[in-house]
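Engineer: What follows is a single structure, and I will ask about it in a moment.
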Amino acid sequence: MTRMLNTHWLANAGNFFMLLLVASAISSLSSEEMSDRCNREKVIPEVDIFSSPPNRTLTVGADLNLTCIAWPRYVDWLYPRRWTKYIQWYDPQGRPAGAKCLQGTSIVKKLRCTLMLKRLTMEQFGNYTCEAQNDYERYCRQKVVEIELQGRRKI
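For reference, each letter of the sequence shown is one residue, going -25 to -1, 1 to 130 in mature numbering (1 follows the signal peptide of the UniProt record, and there is no 0).
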């Protein structure tokens, strides 16, 4: 009986350790690894990014608007679940930036989301990612745009 209790306790401890290990690994994923969770091979939105001003090489203190536009592929226009459900911007550190833009009550085929960057600081220069997803979980497309600091040499 004692041996059976020890075996049962060890099995539970092993399960707990495995769960702790998996949870730790998931929580330590970088933003790049998290972005790789998008399924890019199936029914995903088309995405384009525009900026105002169009020149993305700026100085500290400048203002910039980034607009992400997402729409379903032509072959998907007849299927509303394949239309863009949301657009989310991510900053150079991989954190969500600005508001998540969702489809409203009157669903549109082309969804727009603008990220307004006012008085740029050094930390705000780098790659911004626009992520657009449709109604299928993990069916998303990401597009990256780089905001460069004027006068900085590329290495």
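Where is the CB? At the ideal position from N, CA and C, for every residue including glycine.
Would you report the Cα separation of Lys60 and Cys105, rounded to the nearest angstrom?
Structural biologist: Computed Cα separation, rounded: 13 Å.
Engineer: CB-CB under 6 Å to Val120, same chain, minus the five flanking residues each way: which ones, in chain order?
Structural biologist: Ile24 and Tyr103.
Engineer: Hey, Glu22 and Ala107 are a contact pair by Cβ (cut 8 Å); roughly how many whole angstroms apart?
Structural biologist: Sequence check: residue 22 is Val here, not Glu. The Cβ separation is near 5 Å, so the contact holds.
Engineer: Does DSSP put Glu98 in a helix, in a strand, or in coil?
Structural biologist: Helix.
Engineer: Compare the C-alpha of Glu98 against each of Val50, Trp46 and Thr34 and name the closest.
Structural biologist: Out of Val50, Trp46 and Thr34, Thr34 has the C-alpha closest to the C-alpha of Glu98.
Engineer: Within the same chain, show all residues whose beta-carbon is closer than 7 Å to that of Arg48, passing over the 5 residues directly before and after it, in chain order.
Structural biologist: Closer than 7 Å at Cβ, skipping near neighbours: Glu21.
Engineer: Do you know how far the Cα of Val50 is from the Cα of Pro28?
Structural biologist: C-alpha separation (whole angstroms): 33 Å.
Engineer: Closest to Ser26 by C-alpha separation, out of Arg127, Cys88 and Tyr111, would be which residue?
Structural biologist: Answer by Cα proximity: Cys88.
Engineer: Note down, in chain order, each residue of its chain lying with its Cβ closer than 7 Å to the Cβ of Cys115, except the 5 sequence neighbours on either side.
Structural biologist: Contacts found: Cys13, Ile19, Glu106, Ala107 and Gln108.
Engineer: Give me the Cα-Cα distance between Ile122 and Pro67, rounded to the nearest whole angstrom.
Structural biologist: One C-alpha to the other measures close to 9 Å.
Engineer: In this structure, how does DSSP classify Tyr54 when only helix, strand and coil are distinguished?
Structural biologist: Coil.
Engineer: Could you round the C-beta distance between Leu95 and Leu41 to whole angstroms and report it? I think they count as a contact, below 8 Å.
Structural biologist: 12 Å between Cβ atoms; not a contact.
Engineer: Measuring straight from C-alpha to C-alpha, what distance separates Phe100 and Thr32?
Structural biologist: Cα-Cα distance, rounded: 9 Å.
Engineer: Which term fits Tyr54, buried or exposed, when burial requires 16 or more other beta carbons within 10 angstroms of its beta carbon?
Structural biologist: Per the 10 Å Cβ criterion, exposed.
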